[in-house]
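Chemist: Protein chains in written order, with the working numbering: chain C, 21 to 443; chain P, 1120 to 1784.
For each residue, glycine too, the CB sits at the ideal point set by N, CA and C.
Next up is a structure, given as structure tokens.
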């Protein structure tokens, strides 16, 4: 009897093992390429958790095409060359169908050749400088015309305070430099003179803002309404805002509109002195919509903390993931070429309100919101576009780019052409 | 008055005639409402509204007038004011409030704000004059009832309007009441602390208390218990309204019994006072007793004189004179602005001269400010480097995990703050920083001893291995903190005594947190000097620094001195972390920001010399700050780095090299 039991146990173990193998072959793998250590961990860890939440939710609803979805998480450790290595590992070794990842533009530029060489798909969820459209990347964050330009237009309007003088302050790397280049030529096209624009760059993690804040104060005291457009990224924001608050610069004197500061970043700052400073995004946690309520609840349940906030890159990850699942269901396969074709025109009811649409330039149509910082670290929406705005992959305000078109459907089939490839 | 009375008596018969018709309509409406209250009322409203753009607008208007529905009343008032429109896209009847170039559109049938439209998208619903007269006779006035709140409480409730334009009006009205109770309400509105309570719609002022908000009823300023964030809806304002609010608060502040507040109020009015505020200023200025407040008010009046085109030439020149006595960025910008617009040659010359004198004073102040900022940066560097100077100096250990000791200190501050928030009454909260100091010292010192006893003591005399091992420890500590507290930044609030700034001389503000950190840094330095010079432990430490072997022979327990030295160095770094949490972010990467700068300071100042560390930190700080406006932050840092490398070529041991036979042992 004992022997029989043992045999049964052995057989069932073996069967279970086989079943495990069989199941492993019956999964769709999703790669997650976000830094979990190093400087960018502060922002990217949250996005990793967002993808895991979406995968978890999908599996609870029965998976995709009858298969389970499995997330493969790697840590590129805020190290740009390592991003490329880890991307290669995900695609070649782990055979993932799609990758959700990257935050900084430099990491995206580093993995781009890998995705193009191995023909895989990357969903990039962060607002960025535009000027790019790859066949292998879907950009679900904002392009400059979905964030920077509307924000500046708002500040120029009567409602925004009719700003006449501009400080463009940024961290010294590709995103702020390109965005400021676009903004500068935009401002000049609106008749702003060179002497009314001050541009300032600081290194990553800059911590002593006394001089720059004093300079801004001086620049703003020239008798014309002044605003700061901040593309300051990452850790440097906290000391910047603290210095602003202590120097007594109120939002009603010199408003600061930021493109890289959201709910997650404000969680590290005492915001009672920052009330009224602005941020431009395609999503705020405070947006009132049933989809958003559900999204926030899903996130706080998944992360097991009612205090955790949601932000724009998380929403972009959510939209990207939903679109990818819909595209896979529509194509009936997770094959890269079929999914890419099914992505065009894919629609998702987004937490930020409205319906987001994937365009043939691999960018989204999304609404733009301007929010003001509240004492509790959330934002009050003070202005929004009437509907979704279509992203321009190439800026109209840079002469070389204005000529280029990104359209990956026939007859263009190109990310940066002046003429269609087929005609 | 008499004319209206006559008009009213003449219209009485008409009114009686209308009254009977209303009663009929009212009866019908009541009947319908009884049959199916909610939907029929909505239906009759919708019918009446669509009737307005139909064939018989008069009947529809009368039907509206008969309704006791708030929405119907609002629609009727809008109709009388000419604010009722037809939306061309769907022929809906809407109320349009002008807001800038656009209109805020409220659906008259539902009362919901729906969108913003251009004038071309809507068409006004005009009413026959005769109908208008009839309605007016029936007591329907062009003024909506809500527009004239009777008292303070009603005015406060008016602040929760839908559009920014309506809110602006409510603010104006509230200010016009000249009620001192309005000041806290308006201030709360500007600071985003005004909410409506979801349970009963009451307007409340919220003040953070622990993890909840303690509430004050805005209408009576009485306490209204506590509530969580989820139970409150913020009253949204934008920056334009905030400017209006500031002016309002200032205007009310002029009447305050506190001279400081009166002065602040006058300052806020400088260059942007409305005619009302100027009139008020003129009235109270001669009666002002406080000299500082009087001077500020005088300047605000001078600015108003300058801006007024009706002022004669001599008075303008006198005004310029008054203004150029000030050293204030605001005054400079004001003078610049006037100079660009002024036509008269004499006034122009006076303006130019005044501007020059203000400029001169400001540039001197600019240098003083640069110096202060340099010392402030130097004090931060000093706090970060002091502990390193001790461990590096005494033990010759290159401790790459030193930055993480600073980080641990900052996280200790965060934990102490959370404990204070959760368990202690809010009025003790400001003391949390003081309590955090010993906690941070102990936490960092304990971890420091652990590292020394567990790793470093096995590696003495092998600097490369020590460096690698401590670097590994630093990565482990970072990731450990990330796992425990999470990757995002943690919020550490400044206690109220470290918030804000004061003006030393006009145009030069010293922020409290910077000043306190400078003082704190010198206290720490003094404390260490005392320990080194006056205690037995200090004597042992110095002996070990000078000659380890000899000290050991003399019976000094060198191993114990090593451990204690490391504890002291780490503990001081922890205290530095408490200070740094007040100006920077508290994140797992906090230490890495400061480690490079700390090494620069120690190497530049001279290894093992407190004096060297002090001079090194201060000179690096000041040089950085003088270079920054000229060369920019990025290039400034590069220049400093290159300068230090060149300096070390010339003096390898830094500014204050330790002297003696065994200095290189």
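1) Any beta carbon from chain C within less than 8 Å of residue 1408 of chain P's own beta carbon?
2) So what's residue 54 of chain C in DSSP terms, helix, strand or just coil?
3) With a threshold of 7 Å on Cβ separation, who are the neighbours of residue 1535 of chain P within its own chain once the five nearest residues in sequence on each side are excluded?
4) Consider the Cβ of residue 442 of chain C: report whether some Cβ of chain P lies at a distance smaller than 8 Å.
5) Can the beta-carbon of residue 205 of chain C be found closer than 8 Å to that of residue 413 of chain C?
6) Starting from the N-terminal side, write out each stretch of the beta strand (DSSP E) that is 3 residues or longer and does not extend beyond the stretch 1327-1373 of chain P.
7) Would you call residue 1199 of chain P buried or exposed, if buried means 16 or more other Cβ atoms sit within 10 Å of its Cβ?
8) Assuming residue 1640 of chain P is part of the beta strand (DSSP E), what are its boundary residues?
9) If we ignore side chains and look at the alpha-carbon of each, how far apart do residue 423 of chain C and residue 173 of chain C end up?
10) Would you kindly report the start and end of the unbroken alpha helix (DSSP H) that includes residue 1760 of chain P?
11) Out of C:213, C:175 and C:253, which one is the CA nearest neighbour of residue 247 of chain C?
12) Closest Cβ-Cβ distance between residue 1712 of chain P and chain C: below 8 Å?
13) When the cut-off is 8 Å and only beta carbons count, does residue 1224 of chain P lie next to chain C?
14) Quick one: does residue 1262 of chain P have its CB under 8 Å from some CB of chain C?
15) Among P:1375, P:1314, P:1354 and P:1372, which one has its Cα closest to the Cα of residue 1345 of chain P?
16) Just checking: is the beta-carbon of residue 425 of chain C within a distance shorter than 8 Å of some beta-carbon in chain P?
17) I want to verify the contact list: residues of chain C whose CB lies under 7 Å from the CB of residue 1553 of chain P, in sequence order.
18) Just to confirm the assignment, what range does the alpha helix (DSSP H) spanning residue 1396 of chain P have?
19) Quick one, which of P:1597, P:1228 and P:1234 has its alpha-carbon nearest residue 1222 of chain P's?
20) Could you compute how far the alpha carbon of residue 1324 of chain P sits from the alpha carbon of residue 432 of chain C?
21) Could you say which of C:128, C:155 and C:400 lies nearest to residue 391 of chain C if we only look at CA atoms?
22) Across which residues does DSSP place residue 404 of chain C in a beta bridge pair?
23) Less than 8 Å between the beta carbons of residue 1739 of chain P and residue 1490 of chain P, yes or no?
24) Straight-line CA distance for residue 98 of chain C to residue 55 of chain C?
25) Alpha carbon to alpha carbon, how far is residue 62 of chain C from residue 1608 of chain P?
26) Using a beta-carbon distance below 8 Å, is residue 1190 of chain P in contact with chain C?
27) How far does the alpha helix (DSSP H) with residue 1379 of chain P in it extend, from its first residue to its last?
28) Is there contact between the stretch 298-305 of chain C and the stretch 116-131 of chain C, where contact requires at least three CB pairs shorter than 8 Å?
29) So what does DSSP say about residue 1263 of chain P, is it helix, strand or coil?
30) Taking residue 65 of chain C as the query, report the chain P residues whose CB atoms sit under 9 Å from its CB, ordered along the chain.
31) What residue range does the alpha helix (DSSP H) around residue 1306 of chain P cover?
32) Taking beta-carbon pairs under 8 Å, can you tell me which members of the stretch 224-236 of chain C lie near chain P?
33) How big is the Cα-Cα spacing for residue 203 of chain C and residue 169 of chain C?
34) Going by the DSSP bridge assignment, what does residue 381 of chain C pair with across the sheet?
35) With 8 Å set as the bound, which would you pick, yes or no: does the beta-carbon of residue 1751 of chain P sit closer than that to a beta-carbon of chain C?
36) At the level of alpha carbons, what is the spacing between residue 117 of chain C and residue 353 of chain C?
Modeler: In short:
1) Sequence index remark: in the second chain, residue 1408 of chain P carries index 289 (1-based). Output row for residue 1408 of chain P: interface = no.
2) As a working mapping, residue 54 of chain C is identified with position 34 in the first chain. Three-state result, residue 54 of chain C: coil.
3) Indexing the second chain from 1 puts residue 1535 of chain P at position 416. Listed in chain order, the non-local C-beta contacts of residue 1535 of chain P below 7 Å within the same chain comprise 1551, 1554, 1555 and 1558, local neighbours out to five positions each way being set aside.
4) The count along the first chain starts at 1 and reaches residue 442 of chain C at position 422. So, not an interface residue.
5) For the purposes of this step, residue 205 of chain C is taken as residue 185 along the first chain, with counting starting at 1. For the purposes of this step, residue 413 of chain C is taken as residue 393 along the first chain, with counting starting at 1. Cβ atoms of residue 205 of chain C and residue 413 of chain C: not closer than 8 Å.
6) 1331-1336, 1342-1346 and 1351-1353, all fully within the stretch 1327-1373 of chain P.
7) The residue you call residue 1199 of chain P lines up with position 80 of the second chain. Around the beta-carbon of residue 1199 of chain P, 16 or more other beta-carbon atoms lie within 10 Å, marking it buried.
8) The residue given as residue 1640 of chain P occupies position 521 in the second chain. Residue 1640 of chain P -> not in any beta strand (DSSP E); alpha helix (DSSP H) instead, spanning 1631-1653.
9) By 1-based counting over the first chain, the position of residue 423 of chain C is 403. By 1-based counting over the first chain, the position of residue 173 of chain C is 153. Each residue's CA atom was taken as its position, placing residue 423 of chain C and residue 173 of chain C some 23 Å apart.
10) What you label residue 1760 of chain P is simply residue 641 of the second chain in a count that begins at 1. That run of the alpha helix (DSSP H) goes 1752-1769.
11) By one-based count along the first chain, residue 247 of chain C stands at place 227. Measuring from the Cα of residue 247 of chain C, the nearest candidate turns out to be C:175.
12) Locating residue 1712 of chain P in the second chain gives position 593, counting from the first residue. Taking Cβ atoms only, chain C reaches closer than 8 Å to residue 1712 of chain P, which makes this a yes.
13) One-based indexing of the second chain puts residue 1224 of chain P at position 105. Not one chain C Cβ lies under 8 Å of residue 1224 of chain P.
14) Stepping through the second chain from its first residue, residue 1262 of chain P is reached at position 143. Any answer about residue 1262 of chain P is weak, because its pLDDT of 45 lies below 50 and its placement is not dependable; what the coordinates show is given next. At a cut-off of 8 Å between C-beta atoms, residue 1262 of chain P does not count as an interface residue with respect to chain C.
15) On the second chain, residue 1345 of chain P is found 226 positions in, with the first residue counted as 1. If we check each option's Cα against that of residue 1345 of chain P, P:1314 comes out closest.
16) The count along the first chain starts at 1 and reaches residue 425 of chain C at position 405. Chain P contact via Cβ: absent.
17) By 1-based counting over the second chain, the position of residue 1553 of chain P is 434. For a Cβ distance threshold of 7 Å, nothing in chain C lies close to residue 1553 of chain P: the least Cβ distance comes to about 18 Å.
18) Residue 1396 of chain P sits at position 277 when you count from the first residue of the second chain. Per DSSP, residue 1396 of chain P belongs to the alpha helix (DSSP H) from 1394-1403.
19) Here residue 1222 of chain P refers to the residue found at position 103 when the second chain is read from its first residue. Of the listed residues, the one whose Cα sits closest to residue 1222 of chain P is P:1234.
20) Along the second chain, read from residue 1 onward, the residue named residue 1324 of chain P stands at position 205. Along the first chain, read from residue 1 onward, the residue named residue 432 of chain C stands at position 412. If you draw a straight line from the Cα of residue 1324 of chain P to the Cα of residue 432 of chain C, it comes to about 58 Å.
21) Residue numbering aside, residue 391 of chain C sits at position 371 when the first chain is read from its first letter. Looking at the Cα atoms, C:400 is the closest of the given residues.
22) Here residue 404 of chain C corresponds to residue number 384 of the first chain, with the count starting at 1. Residue pairing by DSSP places residue 404 of chain C opposite C:389 in a beta bridge.
23) Counted from its first residue, the second chain places residue 1739 of chain P at position 620. Counted from its first residue, the second chain places residue 1490 of chain P at position 371. For residue 1739 of chain P and residue 1490 of chain P, no; Cβs fall outside 8 Å.
24) Here residue 98 of chain C corresponds to residue number 78 of the first chain, with the count starting at 1. Here residue 55 of chain C corresponds to residue number 35 of the first chain, with the count starting at 1. Just so you know, the alpha carbons of residue 98 of chain C and residue 55 of chain C end up roughly 5 Å apart.
25) Your numbering for residue 62 of chain C matches position 42 in the first chain. Your numbering for residue 1608 of chain P matches position 489 in the second chain. About 7 Å.
26) Your numbering for residue 1190 of chain P matches position 71 in the second chain. No - not a single Cβ of chain C is within 8 Å of the one on residue 1190 of chain P.
27) The sequence position of residue 1379 of chain P within the second chain is 260, counting from 1. Its alpha helix (DSSP H) spans residues 1378-1388.
28) No contact exists between the stretch 298-305 of chain C and the stretch 116-131 of chain C.
29) If you number the second chain from 1, residue 1263 of chain P lands on position 144. Residue placement at residue 1263 of chain P is poorly supported in this model, since its pLDDT is 43, which falls under 50; the coordinates are not used for a value here.
30) For the purposes of this step, residue 65 of chain C is identified with residue 45 of the first chain, where counting begins at 1. Near residue 65 of chain C (Cβ distances below 9 Å), the residues of chain P are 1601, 1605, 1606 and 1607.
31) As a first step, residue 1306 of chain P is located in the second chain; it is residue number 187 there, counting from the start. Residue 1306 of chain P -> alpha helix (DSSP H) spans 1301-1309.
32) Near chain P, meaning a CB-to-CB distance below 8 Å, the residues of the stretch 224-236 of chain C are 225, 226, 227, 228, 230, 231, 232, 234 and 235.
33) Locating residue 203 of chain C in the first chain gives position 183, counting from the first residue. Locating residue 169 of chain C in the first chain gives position 149, counting from the first residue. Taking the Cα positions, residue 203 of chain C is about 7 Å away from residue 169 of chain C.
34) Position 361 of the first chain, counting from 1, holds the residue named residue 381 of chain C. Note: residue 381 of chain C sits in no beta bridge, so no partner.
35) Looking up residue 1751 of chain P in the second chain gives position 632. Put simply, the CB of residue 1751 of chain P is near chain C, with a gap under 8 Å to one of its CB atoms.
36) Here residue 117 of chain C refers to the residue found at position 97 of the first chain. Here residue 353 of chain C refers to the residue found at position 333 of the first chain. Those two C-alpha atoms are separated by around 10 Å.
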